[in-house]
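The listed protein sequences correspond, in order, to chains A and B. Take 1 as the starting number for the first sequence in this note's numbering and just add one per residue. Take 508 as the starting number for the second sequence in this note's numbering and just add one per residue.
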Amino acid sequence: MIHPSDPAAETASRQPVPQPAAASEGKALIFELSRPGRVAYSLPPSDVPDFDLDETLPARFRRQTPAALPEVYEVDVIRHYTALSRRNFGIDNGFYPLGSCTMKYNPKLNEDIARLPGFAKIHPYQPESSLQGAFELLYSLQRDLAALTGMDQITLQPAAGAHGEWTGLMMIRAYHESRGERRTKVIIPDSAHGTNPASATVAGFETVTIRSDARGLVDLDALRAAIGPDTAALMLTNPNTLGLFEEHIVEIADIVHEAGGLLYYDGANANAIIGITRPGDMGFDVVHLNLHKTMSTPHGGGGPGAGPVGVKDRLLPFLPAPLIAQRTDGRFYLDTGSPQSIGRVKSFFGNFGILVRACAYMRTLGPSGLRQVSEDAVLNANYMLARLTPYFDVPHPRFCKHEFVLSGNRQKKHGVRTLDIAKRLLDFGYHPPTIYFPLNVEECIMIEPTETESKETLDRFIDTLIAIAEEVEINPDIVKNAPYTTVVSRLDEALAARKPVLNCSCG
Amino acid sequence: MHRYLPMSQEDRKAMLETIGIAAVDELFADIPEAMRFQGELPVADALDEMSLLRLMRGWAERNADFDRYASFLGAGIYDHHLPVVIQHIVSRSEFYTAYTPYQPEISQGELQAIFEFQSYICELTGMAVANASMYDGATALAEAGALAAGATRRRRLIVSRAVHPEARAILRTTARGLNLEVVEVGFTPDGATDLHDLISKVDGSAAAVILQSPNFFGCLEDIAAAAPYAHNAGALLVVSANPLTLGLLEAPGRLGADIVVGDCQPLGIPAALGGPTCGYFAVAEPWMRRMPGRIVGQTVDRTGRRGFVLTLQAREQHIRREKATSNICSNQALLALCAAVYLSALGKQGMQDIGRLNVGKAHYAAKRLALSPKLELPFAGSSFFNEFSIRLPQGTDMAQLGEALLQAGFIGGYDLGRDYPELNGTMLLAVTEQRTREEIDRFADTLEGLL
């Protein structure tokens, strides 16, 4: 990679990096590789007596024509997906400072552990006696996550952050209903993730959006104005999506609780606070964590994640079933939940394979290592912010937590949008930051370095961003037409939505 | 120093200097004093790599796994062969360490793989559009109910009791959130949905009729017969289908389904105590813009080259917020990749062959078990694929039987009495291509001996 921090990079950074021809060729669909008769599987001959399919499965149930799946051989399968993998960028390829996504290193040890047959090849309905190891792992994870968040109990069922939000809100709804109260509104700051209002809707609530104040925090007056006897909860991300700690959290909690509402903690940004402060101690009643962020489990190109939810005692009766519990003889069993439980939210035991990885991660770091994670994540972010401040508009110029927000407004005056800057970063081998989020900052650039990146990596990235900021002033077209080095150039998203082609219609 | 954390004392010092502070603590000064956590988190201690592996292996070995026990357990999660190519491909870290493909220029691999996954699901189900995955089959089913309610502006969901009990439980939780009503339809003595009961409950207020085929008892449902009753009432027909069966069985879309959902675990995804798996979600064209979740679409770049992007995002939470069609954000993309690789490996012929193997072995097992005077096939009047029910002698202690089978090296079937009081003493068995004739015979002998 050519890099602007290199002595010769001043001009080099303004040139597209040459790319081998093969990588820029289009990639055939697997269906286009199909040749009649080829196979990529090996199944045993049947060892049971021959049977008449027509008799066993009447024709009215059977396919009239075979599904038009590709016919390829094993080498095709391997080369096809290997080629696809080379057209993809993960954390193992390079720095991935995607704000609010906590793209930290995904430890390989955790992958190996999750693949042990005793974890990967077990069935959720096996007798309890044959799952004691799995249950002990889940039980210990419930306990450790409760300790880490300062909550009284944890459900490991939710499959992702948004799923956790919905689970938490359903519990909040059941809690209020159990007290004979009909509270229909959930208050959400304008800086919140889109999943917050969407989850409120599917849990049957109406969303009330409140503005942030000039300092980027919850506007207490707006909160007081919005709150009332119909308030079910306030959903809060802390630190918020601007990377700022809601320093009036005690007051916020008081306002919400005095009105009879509950406080919901969106754990998307929990990587800033582990061992430093706990949602339970801040006054939150319900918390979700994103294990695919804070606890290093890989995001898999979009999932799977895991979104465990922690609650305070008063919400215990509403937890979804089942929980893992321990008998006095030390054996683990499934607690099917109280009659007030909100019911089931996910099949079986949630995303167990992800929970295994998270458990391994926590035990790799231990109490002091976990605190170190947050301290380093915050130090890294503040270092980047300090170095970038002279070159970009900083809407909230003070210390941040694990992430921070820049605005591309200064660059926009040269006709260059934040999107262009993000695309130009691709030419230097980086995954760009989150852009245009949160919505309350114009031309937003949201950077989250995480703790697993070294100072050299941060410096190289910072130097690149500074070089791009210079390009914007000297030769904005270079930035506006980026990227140059990727396997495709900018794609026509409007066309994709206007004339949807959503499958290859190969059948 | 920890192996995942690079910062040396010198780095720290230099960085603090750049920031203009003396100690890291100053960065946390905005956290109210009373909120600061004092002392050490009461979580498990740190372990080195060797010790952690030892601990985890110890836990893993205390579970009965499919390598050491012959499993006859299904009920939604199956012991199928996992073609070895799958792990090699999904272990490529360009795939598994990537986030959602927000930057299409450097995510073409993932986007194309998901586009192909969507194509596979459409082909298998006979539907026009599929999404990039849901959390699992059960949450996909609940989302189908939600879509139907939104599309028809009606509030009643009619669901067969022969749908997986956990899927129905999740449907009820979901329905409570959306203020929908769930009405259940019974099943016949043959273990199929009772069409008379269905007809009596489907009227102009029904948003959806929800069936599963093969159903929870393993019986095939007559989708084509049920479809007109749903459609004449203006309701959508939702069918949950095990995708592995669709190499042999008719695509639900050709039998009248409006929405087809299911769980891809049988397509090369490890059982892993039931998760992570991957739900699929497919609809007929009119419902395309009401779909939940990510959808990948084909387009072109500035030079006209084919490329792929996340599309129709105006449905989604990050754009529409409280007006989104669903709150789903993270999905199960890596498991969708698993399923896509599986279908690539099995291909046109393999999906038929694996179907035949499953059907053959399950029917052999059913016949073999039925030879015993102690056992009966309660749903003998229905057709099945690789799962069927057997009735055990009255008074059989199912928990004890499960333990005894374990002792003999088997993971036994599912106790239907857990969810259906009227099916007390009935066991649901799954027989996949993994089971040999010898294992089936030994299982039958062992079971008979234990009764």
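Just so it is clear, CB atoms sit at the ideal spot from N, CA and C, and this is done for glycine as well.
Q: List the residues of chain A that B:Gly867 touches, going by C-beta distances under 7 angstroms, in chain order.
A: The residue you call residue 867 of chain B lines up with position 360 of the second sequence. Within chain A, the residues near B:Gly867 are Ser46, Val48, Phe51.
Q) Which class does A:Cys444 belong to by DSSP, given the choice of helix, strand or coil? A) Taking the first sequence and counting its residues from 1, one reaches residue 444 of chain A at position 444. In the three-state scheme derived from DSSP, where H, G and I count as helix and E and B as strand, A:Cys444 is classed as strand.
Q) Which runs of the beta strand (DSSP E) fall wholly inside the segment 444-472 of chain A and span at least 3 residues, in chain order? A) Here the runs fully enclosed are 444-447.
Q. Where A:Ala75 and A:Arg62 are concerned, what is the direct C-alpha to C-alpha distance, given to the nearest angstrom?
A. Indexing the first sequence from 1 puts residue 75 of chain A at position 75. Indexing the first sequence from 1 puts residue 62 of chain A at position 62. Note on identity: in this sequence residue 75 of chain A is Val, with Ala being the wrong assignment. Counting only the Cα atoms, A:Arg62 lies some 31 angstroms from A:Val75.
Q) Given A:Gly350, which residues of its chain have a CB within under 7 angstroms of its CB, disregarding the five upstream and five downstream residues? A) For the purposes of this step, residue 350 of chain A is identified with residue 350 of the first sequence, where counting begins at 1. Excluding positions up to five away in sequence, the list reads Leu156, Gln157, Pro158, Ala159, Ala306.
Q. Is there at least one Cβ from chain A nearer than 8 angstroms to B:Phe579's Cβ?
A. Here residue 579 of chain B refers to the residue found at position 72 when the second sequence is read from its first residue. At a cut-off of 8 angstroms between beta carbons, B:Phe579 makes no contact with chain A.
Q | Neighbourhood of B:Ile593 by C-beta, 7 angstroms cutoff - its chain only, sequence neighbours within 5 removed | A | Here residue 593 of chain B refers to the residue found at position 86 of the second sequence. If you ignore the 5 residues before and after B:Ile593, its C-beta comes within less than 7 angstroms of the C-beta of Gly775, Cys845, Val848, Tyr849, all in its own chain and listed in chain order.
Q. Taking C-alpha atoms, which residue in A:Leu495, A:Lys455, A:Phe95 lies nearest to B:Leu523?
A. Counting from 1 along the second sequence, the entry for residue 523 of chain B is found at position 16. B:Leu523 has its Cα closest to that of A:Lys455, out of A:Leu495, A:Lys455, A:Phe95.
(Q) Whole angstroms are fine: how far does the CA of B:Val938 sit from the CA of B:Glu955? (A) Walking along the second sequence from the start, residue 955 of chain B turns up at place 448. Walking along the second sequence from the start, residue 938 of chain B turns up at place 431. Each residue's Cα considered, the two are about 17 angstroms apart.
Q. Listing by chain order, which chain B residues have their CB less than 8 angstroms from the CB of A:Thr389?
A. Counting from one through the first sequence, the residue named residue 389 of chain A turns up at place 389. Chain B residues near A:Thr389: none, gap ~10 angstroms exceeds 8 angstroms.
(Q) Pull the bridge partners of B:Phe826 from the DSSP assignment, please. (A) For the purposes of this step, residue 826 of chain B is identified with residue 319 of the second sequence, where counting begins at 1. Note on residue identity: the sequence assigns Ile, not Phe, to residue 826 of chain B. In the DSSP output, where bridge partners are listed per residue, B:Ile826 has none listed.
Q.
Is A:Val488 close to chain B? Criterion is C-beta to C-beta, closer than 8 angstroms.
A. Translated into the one-based positions of the first sequence, residue 488 of chain A becomes position 488. It does; some Cβ of chain B falls within 8 angstroms.
Q: Just mark A:Glu32 as buried or exposed, buried being the case when its beta carbon has 16 or more other beta carbons within 10 Å.
A: Residue mapping note: residue 32 of chain A aligns to position 32 of the first sequence, counting from 1. A residue is called buried when at least 16 other Cβ atoms come within 10 angstroms of its Cβ; A:Glu32 does not meet this threshold and is exposed.
Q.
Measuring CB atoms only, is the segment 356-368 of chain A touching the segment 409-427 of chain A, in the sense that at least three cross pairs come out at less than 8 angstroms?
A. No: fewer than three Cβ pairs fall under 8 angstroms.
Q | Selection of the segment 348-368 of chain A by Cβ proximity to chain B, strictly under 7 angstroms | A | Listed by position, the residues of the segment 348-368 of chain A near chain B (Cβ gap below 7 angstroms) are Phe348, Phe349, Gly350, Asn351, Phe352, Gly353, Ile354, Ala360, Met362, Arg363, Thr364, Leu365, Gly366, Pro367, Ser368.
Q) With 16 as the cutoff for other CB atoms within 10 Å, does A:Ile435 come out buried or exposed? A) As a working note, residue 435 of chain A is residue 435 in the first sequence. With 16 or more Cβ atoms within 10 Å of its Cβ, A:Ile435 is classed as buried.
Q) Hey, which unbroken runs of the alpha helix (DSSP H) at 4 residues or more fall wholly within the segment 13-89 of chain A? A) Along the length of the segment 13-89 of chain A, whole alpha helix (DSSP H) runs at least 4 residues long occupy 21-24, 53-56, 74-86, reported in chain order.
(Q) Starting from A:Leu406, trace the beta strand (DSSP E) in both directions and tell me its first and last residue. (A) Reading the first sequence from its first residue, position 406 is the one you call residue 406 of chain A. Taken as a continuous stretch (DSSP letters only), the beta strand (DSSP E) holding A:Leu406 covers 404-407.
(Q) Taking 8 angstroms as the threshold (beta carbon to beta carbon), is B:Glu617 in contact with chain A? (A) Position 110 of the second sequence, counted from the start, is the residue given in the question as residue 617 of chain B. Residue-level contact check: B:Glu617 touches chain A, since one or more beta carbons of chain A fall below 8 angstroms from its beta carbon.
Q: Taking only beta-carbon positions, decide if A:Ile255 is within less than 8 angstroms of chain B.
A: Residue mapping note: residue 255 of chain A aligns to position 255 of the first sequence, counting from 1. Chain B contact via Cβ: absent.
Q: Please compile the residues from chain B whose C-beta is within a distance smaller than 7 angstroms of the C-beta of A:Val72.
A: Working through the first sequence from its first residue, we reach residue 72 of chain A at position 72. In chain order: Ser851, Gly854.
Q.
For B:Gly741, which residues in the same chain have their Cβ closer than 7 angstroms to its Cβ, ignoring the five residues on either side in sequence?
A. Along the second sequence, one-based indexing puts residue 741 of chain B at 234. Excluding sequence positions up to five before and after B:Gly741, its CB lies within less than 7 angstroms of the CB of Thr659, Gly711, all in the same chain and listed in chain order.
Q: Check whether the segment 272-284 of chain A touches the segment 544-563 of chain B, taking contact to mean three or more Cβ pairs, one atom from each stretch, closer than 8 angstroms.
A: Counting Cβ pairs under 8 angstroms, three or more are found: they touch.
Q. What residue does the beta strand (DSSP E) around A:Pro117 start on, and which one ends it?
A. Position 117 of the first sequence, counted from the first residue, corresponds to residue 117 of chain A. Note, A:Pro117: premise wrong, no beta strand (DSSP E); alpha helix (DSSP H) at 117-120.
Q | chain B contacts made by the segment 287-301 of chain A, where a contact means CB separation under 9 angstroms | A | With the criterion set as a beta carbon lying under 9 angstroms from some beta carbon of chain B, the members of the segment 287-301 of chain A are Asn290, His292, Ser296, Pro298, His299, Gly300, Gly301, in sequence order.
Q | Rounded C-alpha distance that separates A:Thr167 from B:Ala637 | A | By one-based count along the first sequence, residue 167 of chain A stands at place 167. By one-based count along the second sequence, residue 637 of chain B stands at place 130. Spanning the two alpha carbons is a distance of roughly 26 angstroms.
Q. Is there contact here, the segment 53-71 of chain A with the segment 881-888 of chain B, by at least three beta-carbon pairs under 8 angstroms?
A. The segment 53-71 of chain A makes no contact with the segment 881-888 of chain B; the number of CB pairs closer than 8 angstroms stays below 3.
Q. Taking 7 angstroms as the cut-off, is the CB of A:Val72 close to at least one heavy atom of the ligand FMN?
A. For the ligand FMN, the structure offers nothing, since it holds no ligand at all.
Q | Inter-residue CB distance, A:Leu425 and A:Thr464 (contact presumed, cutoff 8 angstroms) | A | Your numbering for residue 425 of chain A matches position 425 in the first sequence. Your numbering for residue 464 of chain A matches position 464 in the first sequence. Correct: roughly 7 angstroms between the Cβ atoms.
Q. B:Ser640 by DSSP, collapsed to three states: which one?
A. Position 133 of the second sequence, counting from 1, holds the residue named residue 640 of chain B. Looking at B:Ser640 - three-state DSSP - the assignment turns out to be coil, as it is neither helix nor strand.
Q) In chain order, which continuous runs of the alpha helix (DSSP H) of length 4 or greater are located wholly inside the segment 587-630 of chain B? A) Fully contained in the segment 587-630 of chain B are the following alpha helix (DSSP H) runs of length 4 or more, in chain order: 591-597, 600-603.
Q. Looking only at DSSP bridge pairs, what is B:Asp952 linked to?
A. Within the second sequence, the letter at position 445 stands for residue 952 of chain B. Beta-bridge pairing links B:Asp952 to no other residue.
Q) Relative to the C-alpha of B:Ala873, which residue among B:Leu853, B:Ile897, B:Lys881 is closest? A) Within the second sequence, residue 873 of chain B is the residue found at index 366, counting from 1. Of the listed residues, the one whose Cα sits closest to B:Ala873 is B:Ile897.
Q.
Quick check on the burial criterion: 16 or more other C-beta atoms within 10 angstroms. Buried or exposed for A:Ser505?
A. The count along the first sequence starts at 1 and reaches residue 505 of chain A at position 505. Classification for A:Ser505: exposed.
Q) CB-CB under 6 angstroms to A:Pro308, same chain, minus the five flanking residues each way: which ones, in chain order? A) Here residue 308 of chain A corresponds to residue number 308 of the first sequence, with the count starting at 1. Answer for A:Pro308: Leu145, Ile154, Leu156, Leu289, listed in chain order.
Q.
Please classify B:Ile628 as buried or exposed, where buried requires at least 16 neighbouring CB atoms within 10 angstroms.
A. Counted from its first residue, the second sequence places residue 628 of chain B at position 121. Taking all protein chains shown into account, B:Ile628 has 16 or more neighbouring C-beta atoms within 10 Å of its C-beta and is therefore buried.
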